[in-house]
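Quick notes on the structure that follows.
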Amino acid sequence: MTADAPRPPHAPRAATAGGPGLFLTFEGGDGAGKTTQATLLEEWLRGQGREVVRTREPGGTDVGVRIRDIVLHHRGHIAPRAEALLYAADRAHHVETVVQPAIARGDVVIQDRYLDSSVAYQGAGRVLDADDVRELSLWATGGLLPDLTVLLDLDPAAARARLDADDKPFDRLEAEKAEFHERVRVAFLALAAAEPERFLVLDATQPAPTLAERVRAAVASRLV
Ligand SMILES: Nc1ncnc2c1ncn2[C@@H]1O[C@H](COP(=O)(O)OP(=O)(O)OP(=O)(O)O)[C@@H](O)[C@H]1O
Ligand SMILES: [Mg+2]
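In structure tokens:
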């Protein structure tokens, strides 16, 4: 290939191409309510008789737990490209060994964070190019995109107040500056605007049961 030849495009495909299941992801800043909504959705789906796999990134596999420990709790500097590759390595292993088999079985996969988090956080760090981070993830996963991504949009100060009330310890990312979290929020909203058919954006200040109802409606329309 010559230097100025166009790069081959990745071909993102719908997750359902890999099987009869559904791949759902929750995105948003720390404390936005992802775990709360994932739990409510799981309960509802199980009540509908669906098999549900709850999983997370980073850390959804044995390998991933070790990678998560490095990424979130390493005390020194991690080179930005190394950090992006660590997330991508976790994702590649997780998608191949957990997500794809579940979709192939016909299960519903509910995942806490996926490639949109990588793009939003790495991009907000202003060191790596957001498109590069997205392409890296798509390469790692063979182009797997969720059937539905719920973005819980919340002002970082409000999210901080929720986590303080919970007395949750800061991890490495949470300890970053407020301005960084604001850039993450803007980045998430831009990703959602670019793929309106994949994203459901919710105002996360609404009560949890109200949000859960909106999520259920979006999932129900994809189950048929
Ligand atoms: N809609 C809501 N309104 C008010 N408080 C909420 C709402 N949803 C969740 N909370 C509360 O906010 C806190 C954080 O919620 P949760 O743990 O679900 O968020 P999260 O996005 O999973 O956070 P983390 O990024 O830390 O995993 C909890 O105390 C939870 O009870
Ligand atoms: Mg959570």
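As numbered in the numbering used here, residues 1 to 224 make up the sequence shown, in order. Idealized CB from N, CA, C, for every residue including glycine. Here the structure is a predicted model, which means the values were calculated and not measured.
| Query | Result |
| --- | --- |
| Val219 versus Leu200 - alpha carbon distance | 10 Å |
| Buried or exposed (CB count within 10 angstroms, at least 16 for buried), Pro156 | buried |
| Host beta strand (DSSP E) of Thr205 (start-end) | Segment: none, Thr205 is in no beta strand (DSSP E) and carries neither H nor E. |
| Residue range of the unbroken alpha helix (DSSP H) whose run includes Glu83 | Pro80 to His94 |
| Beta-carbon spacing of Leu202, Asp153 below 8 Å | yes |
| Helix, strand or coil at Leu152 [DSSP, three-state] | strand |
| Burial state of Val186, where buried means 16 or more other Cβ atoms lie within 10 Å | exposed |
| Inter-residue spacing [alpha-carbon to alpha-carbon] between Asp30 and Gly106 | 30 Å |
| For Leu22, the residue or residues it bridges with in DSSP | Val108 |
| Cβ shell of Thr36 (< 6 Å), same chain only, five flanking positions each side left out | Ala208 |
| Cα-Cα separation, Thr97 to Ala194 | 29 Å |
| Residue burial classification, His181 (beta-carbon count within 10 angstroms, cutoff 16) | buried |
| Short Cβ contact (8 Å threshold) for Glu57 with Arg91 | yes |
| Range of the contiguous alpha helix (DSSP H) that encloses Thr35 | Lys34 to Gly47 |
| Ligand 2 heavy atom lying under 7 Å from the CB of Asp69 | no |
| For Arg52, three-class secondary structure by DSSP | Checking the sequence shown, residue 52 turns out to be Val, not Arg. In this structure, Val52 counts as strand in the three-state DSSP scheme. |
| Counterpart residues of Leu136 in DSSP-defined beta bridges | For Leu136, which the question treats as bridged, DSSP gives no partner whatsoever. |
| Extent of the continuous alpha helix (DSSP H) to which Leu191 belongs | Ala178 to Ala194 |
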